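So the working numbering is basically just the index in the sequence shown, starting at one, shifted up by 2. For reference, the structure discussed in these notes is given below.
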Amino acid sequence: MAIIYNFNYIFRYLPTPTLPTINRVSAYNVIEIITATFNSISLNNNIMFYQLKDTLNRYRFSRACKQIFKTPPVLADTDQPVAVLTQLQHKDVILFLVAVKTFARQVPLSKVFIINDGSLTNDDLETLLKHIPIADIYDAKQFSDPLCPTGACWERLLAIAHFIDQFFIIQLDSDTLTLSAVNEIIENIKSNTGFVIGTWDNQKIEPMIVSSERVQKNINPSLDAHVQMVAEAHFSKLEGCENLRYARGCAGFSGFPKQSFNKQFIIDFSIKMEKEIGSKWREWGSEQVMSNVVVANIDKSMVLPHPKYTDCKKMKLPDTCFIHFIGECRFSSSIYAKLAQNEIKQLTS
């Protein structure tokens with residue numbers, strides 16, 4: 003066990019994937035072999051092994067996608083107030099460059115907001131501003147509010163609330179990839195309509211009480227269950243639930259029209275939810291529930307057609323135009339890297 007731990011320690015200090023040194027380190031040939039070995043073993047039940055496996059997969063992805071550093075920067079292609087916002091950590095910098103450049107190729111942007119989770123290095127900041135000169139970078143702590151949970155991406159949602167008066171904000175996770183035209187996004191921006199990436203085919207925004215009763219009937223989760231299940235099951239107990247709507251979507255790709263909501267809506271709902279389920283509301287995943295509530299209760303909003311917009315477990319190529327490579331399947335095969343490489347080639351052509 004000590005040997006494995008030391009092995010993990012060594013890989014923590016390999017050169018940062020976003021730096022040019024990635025071209026010069028012959029040790030990456032060894033990483034290819036090691037990663038393939040670890041990917042053939044189920045390691046997710048052991049945190050230490052999972053972290054090592056994730057580190058190796060990220061280095062392999064970074065090596066495969068290193069040509070992203072030779073692609074043109076993201077520039078302001080519209081005078082309309084359209085912005086991408088993301089919360090970013092050090093290990094996801096190269097992923098985000100792929101995500102935002104493939105997205106900006108299809109959707110003209112005027113601004114990019116990057117919320118630094120605290121781990122971005124000076125080299126990261128230099129790289130981001132070089133490739134995204136229209137980016138403004140903020141510390142996550144600037145958006146914390148004592149009336150809401152802290153961490154777990156809550157600062158990201160509160161940052162959206164801060165900028166929403168001036169921009170149509172598109173929350174774009176770093177592990178996303180845009181493959182082709184996203185006509186629904188273009189039309190939603192034009193009509194100032196909100197959106198969220200959905201979970202199943204033909205999904206619609208529905209009364210919150212309906213969503214809550216479905217969870218209670220099909221799952222009936224205890225407080226030990228995931229916070230999303232617990233929160234949804236308790237929606238029906240919230241005062242004013244009958245006047246609200248909901249859609250179980252993914253916060254990783256959501257659109258918030260200009261001036262469509264305010265921070266107080268988030269605070270009021272969060273206080274009610276925490277009163278109902280207690281400290282459970284402060285667990286990872288509650289921000290996604292809150293984001294879904296916000297989008298669903300915008301005057302004009304929709305669930306994006308599925309699986310045209312979907313995650314990596316449900317994609318149906320070539321019909322899928324936008325993919326969210328969620329953790330469960332992000333590096334389970336080489337498809338993410340292969341698709342990203344193809345899009346990078348398009349960016350340079």
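For each residue, glycine too, the CB sits at the ideal point set by N, CA and C. These numbers come from a predicted model, not from an experiment.
Between the stretch 293–308 and the stretch 190–209 there are three or more inter-stretch CB-CB distances shorter than 8 Å, so the stretches are counted as touching. In the DSSP annotation of this structure, Met317 is not part of any beta strand (DSSP E), being labelled neither H nor E.
With a cut-off of 8 Å on Cβ pairs, the stretch 278–289 is in contact with the stretch 217–237, counting three or more such pairs. When Gln69, Thr80, Ser334, Phe237 are compared, the shortest CA-CA separation from Phe169 is found for Thr80.
For Asp301, same chain residues with a beta-carbon under 8 Å away, outside a window of 5 residues either side, are Ser262 in chain order. Ile166 and Ser213 have their C-alpha atoms spaced approximately 27 Å apart. Under DSSP, the beta-bridge partners assigned to Tyr311 are Phe324.
At the C-beta level, Ser224 and Ala101 stay beyond 7 Å of one another. The alpha carbon of Glu276 has as its nearest neighbour, out of Val296, Leu240, Gly120, the alpha carbon of Leu240.
Using a 10 angstroms sphere on the CB of Glu157, the tally of other CB atoms reaches 16 or more, which defines it as buried. Listed as beta-bridge partners of Val305 by DSSP are Val198. Here Gly280 is exposed: its Cβ has fewer than 16 other Cβ atoms, across all protein chains shown, within 10 Å. Non-local C-beta neighbours of Ser238 in its own chain, meaning closer than 7 Å and more than five positions away in sequence, comprise Ile211, Ser214, Glu215, ordered along the chain. A direct Cα-to-Cα measurement between Ser351 and Gln69 gives close to 12 Å. Contact annotation: Val84 and Ser112 have beta-carbon atoms nearer than 7 Å. The C-alpha of Met292 is placed about 33 Å away from the C-alpha of Pro75. Residue state for Val296 is assigned as helix, using DSSP reduced to three classes. Nearest in C-alpha terms to Gln173, of all of Ile117, Val86, Val184, is Val86.
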